[in-house]
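Visitor: Sequential numbering from 98 applies to the sequence shown in our numbering. Cβ coordinates follow ideal geometry from the N, Cα and C atoms, glycine included. Please read these numbers as outputs of a predicted model, since none were measured by experiment. Dropping a structure here in structure tokens format, bear with me for questions.
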Amino acid sequence: MIRHRKSKAAKPWKAFGVSALAGLALTATALTFLQAPTRAAEEAVKIPPPAVDEKPASGLQKAVFAGGCFWGVQGVFQHVKGVTKAVSGYAGGAADTAEYERVGSGNTGHAESVEITYDPSKVSYGKLLQVYFSVAHNPTQLNYQGPDYGTQYRSTVFAADAGQKKIAEDYIAQLDTTKAFPEKIVTTLETGKAFYPAEDYHQDFLERNPTYPYIVYNDLPKIENLKTMFPDLYSDKPVLVMASPKS
Numbered sequence: 098m099i100r101h102r103k104s105k106a107a108k109p110w111k112a113f114g115v116s117a118l119a120g121l122a123l124t125a126t127a128l129t130f131l132q133a134p135t136r137a138a139e140e141a142v143k144i145p146p147p148a149v150d151e152k153p154a155s156g157l158q159k160a161v162f163a164g165g166c167f168w169g170v171q172g173v174f175q176h177v178k179g180v181t182k183a184v185s186g187y188a189g190g191a192a193d194t195a196e197y198e199r200v201g202s203g204n205t206g207h208a209e210s211v212e213i214t215y216d217p218s219k220v221s222y223g224k225l226l227q228v229y230f231s232v233a234h235n236p237t238q239l240n241y242q243g244p245d246y247g248t249q250y251r252s253t254v255f256a257a258d259a260g261q262k263k264i265a266e267d268y269i270a271q272l273d274t275t276k277a278f279p280e281k282i283v284t285t286l287e288t289g290k291a292f293y294p295a296e297d298y299h300q301d302f303l304e305r306n307p308t309y310p311y312i313v314y315n316d317l318p319k320i321e322n323l324k325t326m327f328p329d330l331y332s333d334k335p336v337l338v339m340a341s342p343k344s
């Protein structure tokens with residue numbers, strides 16, 4: 098089976114702007130399906146929560162996860178109760194290369210990432226990790242997710258501090274030891290890396306474009322999996338970055 102990298106045709110907004118998206122719909126749809134993988138999107142995996150989690154804290158906290166195209170990862174966490182904001186962006190590289198076209202080269206050190214602001218009194222860092230590993234992406238795929246290839250699509254936890262790194266390390270070890278996944282987890286841990294928000298046209302992409310072929314095939318199933326596997330954590334109303342869910 099041949100896998101395919103998501104092409105520039107899958108993200109036409111950069112060159113033509115939001116207003117031209119409707120005019121390109123048929124072309125984009127055709128190109129996307131021609132490049133689609135020959136099997137269904139990744140299925141969710143039911144896994145236990147982490148044995149060790151963060152201690153209760155007051156005030157909002159942040160977590161940064163990378164797991165393939167940020168459209169779907171952002172979409173998932175926008176539906177998690179206790180999350181107050183989820184922003185698509187880049188982490189792992191320098192400030193001057195945090196731009197979509199350059200990150201897409203795979204040579205900047207950046208990964209497409211999502212910065213999650215959350216209330217630890219409502220959802221813990223460990224619970225966010227559980228959603229990240231089980232629903233948001235497949236942590237056993239090295240430098241790719243589904244149809245998207247390159248280090249910019251790697252599975253990485255960008256820990257904010259030693260505490261987050263320890264929780265993530267312990268959880269990965271726990272999941273590997275219990276063989277929660279059929280293959281070894283390849284998620285990397287990176288600390289001390291800044292997060293840079295992505296361009297506005299990437300924000301809320303799933304919510305703004307629910308019929309976009311790439312979203313329908315790869316990402317909407319993740320939202321359904323979140324709703325099914327974490328019913329107490331699922332929020333039907335997403336927290337948005339932009340003012341309106343539809344363009």
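Let me know the secondary structure DSSP gives LEU286 once reduced to three states.
Guide: Reduced to three states, the DSSP call for LEU286 is strand.
Visitor: LYS182 bridges to which residues according to DSSP?
Guide: Beta-bridge pairing links LYS182 to THR214.
Visitor: Between which residues of its own chain and ALA277 is the CB-CB distance below 6 Å, once the five residues before and five after are set aside?
Guide: Once the five neighbours on either side are set aside, the close Cβ partners of ALA277 are ILE144.
Visitor: Whose C-beta lies closer than 6 Å to the C-beta of PRO217 among residues of the same chain, with five residues either side of it excluded?
Guide: Excluding positions up to five away in sequence, the list reads ALA154 and GLN158.
Visitor: If THR284 and PRO236 are in contact, beta carbons under 8 Å, what's the gap, nearest whole angstrom?
Guide: Right, the Cβ-Cβ distance comes to about 5 Å (below 8 Å), so this counts as a contact.
Visitor: Measure from the alpha carbon of VAL161 to the alpha carbon of each residue in ALA148, LYS178 and HIS207, then state which is nearest.
Guide: The candidate whose alpha carbon is nearest that of VAL161 is HIS207.
Visitor: With 16 as the cutoff for other CB atoms within 10 Å, does GLY164 come out buried or exposed?
Guide: Buried, by the Cβ-count rule.
Visitor: Kindly list the residues whose CB is nearer than 6 Å to the CB of THR124, restricted to its own chain and excluding five residues on each side of it in sequence; keep chain order.
Guide: Caution applies to THR124, whose pLDDT of 35 falls short of 50 and renders its modelled position unreliable; the value that the coordinates give is listed next. Here the set comprises nothing.
Visitor: Have a look at the DSSP bridge pairing and note the partners of PHE292.
Guide: Answer is ALA188.
Visitor: Check for me: the alpha helix (DSSP H) holding THR253 runs from which residue to which?
Guide: Where THR253 is concerned, there is no enclosing alpha helix (DSSP H), although the beta strand (DSSP E) it sits in stretches over 252 to 256.
Visitor: Mind checking who ALA259 pairs with in its DSSP beta bridge?
Guide: For ALA259, which the question treats as bridged, DSSP gives no partner whatsoever.
Visitor: Is it right to say ALA259 is buried, meaning 16 or more other beta carbons lie within 10 angstroms of its own, or is it exposed?
Guide: Exposed, because fewer than 16 other Cβ atoms sit within 10 Å of the Cβ of ALA259.
Visitor: Quick one: residues in its chain with C-beta nearer than 8 Å to the C-beta of GLN261, no 5 flanking neighbours on either side, listed in chain order?
Guide: Result list for GLN261: GLU151, ALA160, TYR222 and VAL254, in chain order.
Visitor: Specify, as a first and last residue, the run of the alpha helix (DSSP H) that GLN171 falls within.
Guide: Unbroken alpha helix (DSSP H) run through GLN171: 167 to 174.
Visitor: Starting from PHE302, follow the alpha helix (DSSP H) in both directions and report where the run begins and ends.
Guide: Run containing PHE302: 302 to 305, per the alpha helix (DSSP H) assignment.
Visitor: Going by DSSP in three states, GLU140 sits in which element: helix, strand or coil?
Guide: It is coil, neither helix nor strand.
Visitor: Closest to TYR293 by C-alpha separation, out of ARG251, GLU196 and SER202, would be which residue?
Guide: That would be GLU196, whose Cα lies nearest to the Cα of TYR293.
Visitor: With a threshold of 7 Å, establish whether the CB of ALA160 neighbours any heavy atom of the ligand PLP.
Guide: Annotation note on the ligand PLP: not contained in the displayed structure, which lists no ligands.
Visitor: Just to confirm my understanding: we take ALA295, look at its own chain, exclude 5 residues before and 5 after, and list those with CB closer than 7 Å. What are they?
Guide: Cβ within range, chain order: PHE167, SER185, GLY186, TYR187 and TYR197.
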